[in-house]
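Residue 20 is where the sequence shown starts when you use our numbering, and the numbers rise one by one after that. Accompanying notes for the structure given below.
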Amino acid sequence: MKDVFIPKPEKKVKRLFVPVTPSEHKKVMDYCHKKDVNLSDLIRFALQQTYELL
């Protein structure tokens, strides 16, 4: 997984809630543990790659 660039001036952190089913949550958390990635980086990477938002 590529590194996601987080701009330096942004110091505040906002929470983003994503509704998922329990089985989806388990798969995502298993992936995070297996790849040694935290959930925030995974979501940032997904947003950047899928929607080019970041």
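All C-beta atoms in this analysis are idealised placements derived from N, C-alpha and C, irrespective of residue type, glycine included.
Beta-carbon proximity of residue i to residue j, cut-off 8 angstroms
i	j	result
residue 61	residue 51	yes
Element boundaries [alpha helix (DSSP H), containing residue i]
i	result
residue 36	No alpha helix (DSSP H) contains residue 36, which DSSP labels as neither H nor E.
residue 61	58 to 70
Inter-residue Cα distance where the pair is residue i and residue j
i	j	result
residue 57	residue 63	10 angstroms
residue 32	residue 59	11 angstroms
residue 46	residue 39	11 angstroms
residue 54	residue 72	23 angstroms
residue 43	residue 49	10 angstroms
residue 67	residue 37	16 angstroms
Cut-off 7 angstroms between Cβ atoms - residues of its own chain near residue i, not counting five sequence neighbours on either side
i	result
residue 30	none
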